[in-house]
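In the working numbering, the protein residues as written are 41 to 519.
The C-beta atom is built at its ideal place from N, Cα and C for all residues, glycine as well.
Have a look at the structure below, then the notes.
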């Protein structure tokens, strides 16, 4: 079917916007999580919402699955393409369409880079609050699909809290507007974070946040990650809500030093970055309290940023941590579990024990303030069996999160990578209900199939345990 669809796509977009060359297609075979790969059947590069709608209509008429992709920075295989389908890349749709400062909002296309929104409005005293570590390269459309967070989501929330409306191409190729303040069901709330399984966003209205009066940042060094976790619990328990609380362990610090020379305190078993913002008097009072609690928890060195340059240096190591791990390991898995903050010291100790028992190194980098862990499980992909051992440790960490009342994902999404863990967290009835919602949007099951759910169901199928293989199984290597 793809061979007959190709000419129609070229007629819609032009031959230069349709990629079928096998070598060029491999550019798009994975997202930021490289251990899941699938070469797409066809890649298309549309410029407009109308073109995307027309592409979707063609796919729907031919019964061909399709996947939307932004910058490809996702870490769960959420934009993994179909070998028998079309990959719709939105990177050319990168215009900021409107900036409304009195209304504190901006309208952007899905391919706009996250940080470029802030750059466009900073002169007016505003910024776009969601700040994933990849914000210099990730796209707003991808942020919407995954409901991305970032270092400052503790105080300011996730992407869902900053999206006011989305123009969406539905799975039948219709352009519709989803708004946060309309009557009836909260369809925008369902769409944001659905990982591209309910449609493709083509225009996003985002909320702008006023730049705070003052910002104060400190870096505290501890002898152990458990001591740093105790400091986090004390800060949150005292009722202080920083803009960000981030932590890195010794292995993550080693990688960051090798990559960007962030010059964190030598000998630290963990560093804690705490940033407060808001009215100057309030920040000053809370900052003194945070500094005291860090010392009480055992911090042997505390550095306070005196200006923006020093603040940027403190953040440099944390923002580069994921990529920096490549300096100390040939390959690694990125995990994304969530736990209650009160159990941080216990869970971190259990992860250390898992690492020691298995001989698999784990570098911990995480949003400590909201318990969103990002353990990086290191392995050598040239060593037989090493990836399988890393996968076992990765899964055991997710089991720890569930055991302690947490979740298998905080912001990276489920995608392909964690779909098999969904039954550990949800019952069959839960999963059936979720899939019924998906079927309400996409009865044909063509929009980003094979993601989120361990065994995708056909719409209209009677809920319950599947007794046979799904018809899509075996058609691509992503199930």
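* Asked: Cβ atoms of residue 80 and residue 127: under 8 Å apart, would you say?
  -> Along the chain shown, one-based indexing puts residue 127 at 87. Along the chain shown, one-based indexing puts residue 80 at 40. Taking the C-beta atoms as reference points, residue 80 is found nearer than 8 Å to residue 127.
Hey, quick one: how far does the beta strand (DSSP E) through residue 154 stretch, first residue to last? To locate residue 154, count along the chain shown from 1; it is residue 114. It is not in any beta strand (DSSP E) - residue 154 instead sits in the alpha helix (DSSP H) that spans 154–161.
**Report entry** Reduced DSSP category for residue 416 - H, G, I as helix; E, B as strand; rest coil
**Finding:** In the chain shown, the residue the question calls residue 416 occupies position 376. Strand.
- Message: Rounded to the nearest angstrom, what separates residue 43 and residue 484 at their Cα positions?
- Response: For the purposes of this step, residue 43 is taken as the residue at position 3 of the chain shown. For the purposes of this step, residue 484 is taken as the residue at position 444 of the chain shown. Rounded to whole angstroms, the separation of the alpha carbons of residue 484 and residue 43 is 21 Å.
From the DSSP output, which residues share a beta bridge with residue 166? Locating residue 166 in the chain shown gives position 126, where the first residue counts as 1. Partner(s): 250.
**Prompt:** Are the stretch 429–448 and the stretch 462–482 touching, with three or more C-beta to C-beta distances below 8 Å?
**Reply:** For the pair of segments examined, the stretch 429–448 was found to touch the stretch 462–482: the number of CB pairs separated by less than 8 Å reaches three.
> Over what stretch of residues does the alpha helix (DSSP H) that includes residue 528 continue unbroken?
Replying inline: Past the boundaries of the shown model lies residue 528; the chain is included only from 41 to 519, so the question cannot be answered.
Legend entry - As assigned by DSSP and simplified to three states, the class of residue 192: Taking the chain shown and counting its residues from 1, one reaches residue 192 at position 152. The answer is coil: DSSP assigns residue 192 none of H, G, I, E or B.
Burial state of residue 186 (16 or more Cβ within 10 Å):
Locating residue 186 in the chain shown gives position 146, counting from the first residue. Buried, by the Cβ-count rule.
Using 8 Å as the threshold, is the stretch 400–408 in touch with the stretch 264–273, meaning 3 or more CB pairs across them? Taking one beta carbon from each stretch, the stretch 400–408 and the stretch 264–273 have 3 or more pairs nearer than 8 Å; the two touch.
message = What would DSSP say about residue 134, mapped onto helix, strand or coil?
response = Start at 1 with the first residue of the chain shown, and residue 134 comes out as number 94. In this structure, residue 134 counts as coil in the three-state DSSP scheme.
Fill in: Residues near residue 381 in its chain [Cβ-Cβ closer than 8 Å; skip 5 each side]
Counting from 1 along the chain shown, the entry for residue 381 is found at position 341. Closer than 8 Å at Cβ, skipping near neighbours: 272, 273, 276, 408, 409, 410, 411.
Continuous beta strand (DSSP E) stretch holding residue 341: start and end:
For this step, residue 341 is matched to residue 301 along the chain shown. Under the DSSP assignment, residue 341 falls in the beta strand (DSSP E) whose first and last residues are 341–344.
Along the chain, where does the beta strand (DSSP E) that runs through residue 335 open and close?
Taking the first residue of the chain shown as 1, we reach residue 335 at position 295. Where residue 335 is concerned, there is no enclosing beta strand (DSSP E), although the alpha helix (DSSP H) it sits in stretches over 320–336.
Which parts of the stretch 384–432 are runs of the beta strand (DSSP E), unbroken and 3 residues or longer, counting only runs that do not cross its ends? For the stretch 384–432, whole beta strand (DSSP E) runs of length 3 or above, ordered along the chain, are 402–407, 412–419.
Alpha-carbon spacing of residue 97 relative to residue 65, whole angstroms: Along the chain shown, one-based indexing puts residue 97 at 57. Along the chain shown, one-based indexing puts residue 65 at 25. In a straight line, the C-alpha of residue 97 is about 22 Å away from that of residue 65.
Check your understanding: Is residue 89 helix, strand or coil when you go by DSSP?
Key -> Looking up residue 89 in the chain shown gives position 49. For residue 89, the secondary structure class from DSSP, reduced to helix, strand or coil, is helix.
Same chain only: Cβ atoms within 8 Å of residue 363, ignoring 5 sequence neighbours per side: For the purposes of this step, residue 363 is taken as the residue at position 323 of the chain shown. Same-chain partners within the cutoff: 299.
I'd like the list of long-range same chain contacts for residue 517, defined as Cβ closer than 6 Å, with 5 residues on each side in sequence excluded. Numbered from its first residue, the chain shown carries residue 517 at position 477. Because the pLDDT at residue 517 is just 43, under 50, the model does not fix this residue reliably, and the value given afterwards should be weighed accordingly. Listed in chain order, the non-local C-beta contacts of residue 517 below 6 Å within the same chain comprise 78, local neighbours out to five positions each way being set aside.
Can you tell which of 222, 458, 215 has the C-alpha that lies nearest to the C-alpha of residue 93?
Counting from one through the chain shown, the residue named residue 93 turns up at place 53. Nearest to residue 93 by alpha-carbon distance, out of 222, 458, 215, is 215.
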